[in-house]
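Novice: Pasting in a structure now, in structure tokens, and then I'll have a few things to ask.
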Amino acid sequence: MSKRRVAIIGCGQLAQMMAQEGQPLGVEFSFLAENGENTDCVKGLGTIVEMEPGQDPEALYQALGRPEVITSEREQVSVDLLRSFQPFCPVYPDPHITEKAQHRLREKRALTDSGLPVAPFAAAQGEKELREAVDQLGYPAFIKSCENGYDGKNQWCVKSAADLDAAIPQAGDQECVVEAGVNFACEVSIIGARSASGEIKAYPLTENRHRNGTLLLSTAPYDNPELLKAAEGYLATLLKDWDYVGVLAVECFVSESGLIVNEVAPRVHNSGHWTFVGPEASQFANHIRAILDMPLGDTACPVPVAMVNMLGVDVAPKQDNDGVWLYGKALRPGRKMGHVILQDPDMDQLRERSEKMIEELYGEKI
Ligand code: ATP
Ligand code: MG
Numbered sequence: 052m053s054k055r056r057v058a059i060i061g062c063g064q065l066a067q068m069m070a071q072e073g074q075p076l077g078v079e080f081s082f083l084a085e086n087g088e089n090t091d092c093v094k095g096l097g098t099i100v101e102m103e104p105g106q107d108p109e110a111l112y113q114a115l116g117r118p119e120v121i122t123s124e125r126e127q128v129s130v131d132l133l134r135s136f137q138p139f140c141p142v143y144p145d146p147h148i149t150e151k152a153q154h155r156l157r158e159k160r161a162l163t164d165s166g167l168p169v170a171p172f173a174a175a176q177g178e179k180e181l182r183e184a185v186d187q188l189g190y191p192a193f194i195k196s197c198e199n200g201y202d203g204k205n206q207w208c209v210k211s212a213a214d215l216d217a218a219i220p221q222a223g224d225q226e227c228v229v230e231a232g233v234n235f236a237c238e239v240s241i242i243g244a245r246s247a248s249g250e251i252k253a254y255p256l257t258e259n260r261h262r263n264g265t266l267l268l269s270t271a272p273y274d275n276p277e278l279l280k281a282a283e284g285y286l287a288t289l290l291k292d293w294d295y296v297g298v299l300a301v302e303c304f305v306s307e308s309g310l311i312v313n314e315v316a317p318r319v320h321n322s323g324h325w326t327f328v329g330p331e332a333s334q335f336a337n338h339i340r341a342i343l344d345m346p347l348g349d350t351a352c353p354v355p356v357a358m359v360n361m362l363g364v365d366v367a368p369k370q371d372n373d374g375v376w377l378y379g380k381a382l383r384p385g386r387k388m389g390h391v392i393l394q395d396p397d398m399d400q401l402r403e404r405s406e407k408m409i410e411e412l413y414g415e416k417i
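According to my numbering, the sequence shown holds residues 52 to 417 in order.
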């Protein structure tokens with residue numbers, strides 16, 4: 052049987068892991084590098100095509116090896132580029148979803164249109180509107196630029212009038228969303244896949260902890276059947292409302308009034324890297340299965356698993372673990388260099404071991 056072909060837009064670690072997990076399914080990969088993007092992560096995993104300005108979409112599609120499907124490892128990708136491939140093959144997730152997810156205001160409105168609970172928010176652009184929005188929502192508030200926000204970048208948590216004064220020049224004249232600060236006990240995410248023919252599978256809830264706005268630790272399953280049910284409901288609603296194909300991640304706050312949706316990621320997600328160990332199919336394998344309309348793999352995770360991100364650290368830990376993934380990137384402070392996975396039948400033990408792992412990797416408790 053001839054191999055199936057998938058092209059991925061992006062050449063980072065998410066593309067790398069999709070290819071590594073897709074190859075055993077008999078899938079061949081090609082990668083599109085945009086704007087001189089570094090391709091270290093995907094070397095040796097398939098053809099790499101460097102995009103040139105003004106390149107004809109059909110020529111690009113040919114260069115990518117005429118894939119059956121095109122997907123992306125990121126939401127910050129030109130929607131026009133995605134649409135330009137649609138005459139040749141399906142693009143999953145569909146560009147209309149990427150268009151929402153790459154703009155926080157459109158995303159928030161789409162979430163509320165689907166009936167999902169989000170923090171009270173207001174659109175604001177420029178000093179006057181920012182002040183009015185914070186006035187209306189109260190402190191603490193989060194000012195987030197509508198575009199180019201990731202890993203806590205381009206957002207400002209304002210807890211006082213002084214914070215607001217400092218944030219205003221930084222936010223400048225760009226379009227922003229101002230959100231009321233949610234008082235949360237913890238953050239969780241739910242990740243699931245929907246295949247082209249509509250099969251849906253979700254992983255257990257994952258508890259997430261951040262460091263300076265970047266994910267540090269994910270632990271699963273977050274054991275709360277009621278919240279799991281709510282999260283599965285939100286995920287399924289979005290998957291169906293958006294006619295979504297592929298893996299989708301939904302990030303939520305656990306608040307006193309239940310789950311509040313923070314944002315979505317229309318792709319495989321850092322908080323799902325633990326799915327390499329535990330479930331039968333990882334999020335990467337299920338994304339590839341979903342977009343090729345293959346039956347989805349099992350997502351159950353009977354034994355607790357944790358993932359510690361290696362941020363600006365590229366030395367494998369000595370402590371006992373269940374796998375170290377190093378993405379092969381050049382070391383830079385705070386950069387996602389890899390991750391470590393731990394598994395333990397005892398959740399308390401797992402938490403303790405995760406803390407020790409963080410201490411070893413970072414030389415301190417965080
Ligand atoms: P990432 O790419 O890591 O998901 P991001 O840049 O997209 O981050 P958000 O997820 O919106 O940004 O916010 C980053 C973090 O800031 C959240 O995980 C949460 O800890 C905190 N945060 C954001 N919005 C709020 C809010 N409304 N109330 C309380 N905390 C918030
Ligand atoms: Mg986030």
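Think of the CB as a built atom: it goes at the ideal place given N, C-alpha and C, for glycine as much as any other residue. Since the structure is predicted, the reported quantities are computational estimates derived from the model, not experimental observations.
For Cys352, count the other beta carbons within 10 Å of its own beta carbon; 16 or more makes it buried, fewer makes it exposed. Which is it?
Specialist: Buried, because 16 or more other Cβ atoms sit within 10 Å of the Cβ of Cys352.
Novice: Return the bridge partner residues of Gln176 from the DSSP annotation.
Specialist: Looking at the DSSP assignment, Gln176 forms a beta bridge with Glu226.
Novice: Going by DSSP in three states, Val130 sits in which element: helix, strand or coil?
Specialist: Helix, per DSSP.
Novice: Over the uninterrupted beta strand (DSSP E) stretch that includes Arg245, give me the two end residues.
Specialist: Element bounds for Arg245: Phe235 to Arg245.
Novice: Look at the alpha carbon of Leu267 and the alpha carbon of Val359, and state the distance between them as a whole number of angstroms.
Specialist: Answer to the nearest angstrom: the Cα atoms are 6 Å apart.
Novice: Which residue spans inside the segment 110-158 form an unbroken beta strand (DSSP E) run of at least 3?
Specialist: List check, beta strand (DSSP E) in window: 120-123.
Novice: Go through its chain and collect everything with a Cβ distance to Met388's Cβ below 8 Å, but skip five positions before and after it.
Specialist: These residues qualify, in order along the chain: Met361, Leu362, Gly363, Val364, Asp365, Leu377, Tyr378, Lys380 and Leu382.
Novice: What is the rounded straight-line gap between the Cα of Ala175 and the Cα of Pro220?
Specialist: When rounded, the distance between both Cα atoms is 14 Å.
Novice: Whose C-alpha, out of Leu111, Arg386, Ile121 and Ser240, is nearest the C-alpha of Asp202?
Specialist: For Asp202, the nearest C-alpha among the options comes from Arg386.
Novice: Along the chain, which unbroken stretches of the beta strand (DSSP E) at least 3 residues long are found entirely within the segment 195-223?
Specialist: Correct list: 206-209.
Novice: Are at least three pairs of beta-carbons, each pair with one atom in the segment 166-175 and one in the segment 141-154, less than 8 Å apart?
Specialist: The segment 166-175 is not in contact with the segment 141-154.
Novice: Examine the ligand ATP and report whether any of its heavy atoms sits within less than 7 Å of the Cβ of Asn313.
Specialist: Flag set: Cβ of Asn313 near the ligand ATP.
Novice: In or out: Glu403 buried (at least 16 other Cβ within 10 Å) or exposed?
Specialist: When all chains shown are included, Glu403 counts as exposed.
Novice: Within the segment 260-337, note down every full alpha helix (DSSP H) run reaching 4 residues or more, in order along the chain.
Specialist: Here the runs fully enclosed are 276-292.
Novice: Of the choices Leu279, Glu410, Ala271 and Arg340, whose alpha-carbon is the least far from that of Val354?
Specialist: Among Leu279, Glu410, Ala271 and Arg340, the Cα nearest to that of Val354 is on Ala271.
Novice: Hey, could you find the ends of the beta strand (DSSP E) Ile417 is sitting in?
Specialist: Run containing Ile417: none; DSSP gives neither H nor E here.
Novice: Is the Cβ-Cβ distance between Phe80 and Ile59 less than 8 Å?
Specialist: Yes, the pair counts as a contact, with Cβ atoms nearer than the cut-off.
Novice: Taking the alpha-carbon positions, what's the Phe82 to Arg340 distance?
Specialist: For Phe82 and Arg340, the distance between alpha carbons rounds to 18 Å.
Novice: Between which two residues does the alpha helix (DSSP H) harbouring Glu88 extend?
Specialist: Glu88 -> no alpha helix (DSSP H), and no H or E assigned at all.
Novice: If you pair each beta-carbon of the segment 197-216 with each one of the segment 246-254, do three or more pairs fall below 8 Å?
Specialist: As far as the Cβ criterion goes, the segment 197-216 does not touch the segment 246-254, which means the pair count is below three.
Novice: To which residues does DSSP link Ser165 through a beta bridge?
Specialist: Paired residues: none, contrary to the question.
Novice: Is any non-hydrogen atom of the ligand ATP found closer than 7 Å to the C-beta of Thr149, if you look at the structure I gave you?
Specialist: For the ligand ATP, not one heavy atom lies less than 7 Å from the Cβ of Thr149.
Novice: Would you call the segment 225-239 in contact with the segment 180-195, where contact means no fewer than 3 C-beta pairs closer than 8 Å?
Specialist: The segment 225-239, when compared against the segment 180-195, does touch it at the 8 Å Cβ threshold.
Novice: Taking the alpha helix (DSSP H) that Glu250 belongs to, which residues open and close that run?
Specialist: Counting along the chain, Glu250 falls outside any alpha helix (DSSP H), and DSSP gives it neither H nor E.
Novice: Name the DSSP bridge partner or partners of Leu377?
Specialist: In the DSSP output, where bridge partners are listed per residue, Leu377 has Gly389.
Novice: Can you find a heavy atom of the ligand ATP that lies under 7 Å from the Cβ of Gly203?
Specialist: Indeed, a heavy atom of the ligand ATP lies less than 7 Å from the Cβ.
Novice: Does DSSP put Glu101 in a helix, in a strand, or in coil?
Specialist: Correct three-state label for Glu101: strand.
Novice: With a threshold of 16 other CB atoms inside 10 Å of the CB of Lys369, please say whether the residue is buried or exposed.
Specialist: With fewer than 16 Cβ atoms within 10 Å of its Cβ, Lys369 is classed as exposed.
Novice: Taking all protein chains shown into account, do 16 or more other C-beta atoms lie within 10 angstroms of the C-beta of Lys179, making it buried, or fewer, making it exposed?
Specialist: Exposed, since its Cβ has fewer than 16 Cβ neighbours within 10 Å.
Novice: Using beta-carbon positions only, say whether Arg56 and Pro138 come within less than 8 Å of one another.
Specialist: For Arg56 and Pro138, no; Cβs fall outside 8 Å.
Novice: When you compare only the Cα positions, how much space is there between Leu412 and Phe327?
Specialist: So the two alpha carbons sit approximately 20 Å from each other.
Novice: Is Leu266 near the ligand ATP, with its Cβ less than 7 Å from a heavy atom?
Specialist: Yes, the beta carbon of Leu266 sits closer than 7 Å to at least one heavy atom of the ligand ATP.
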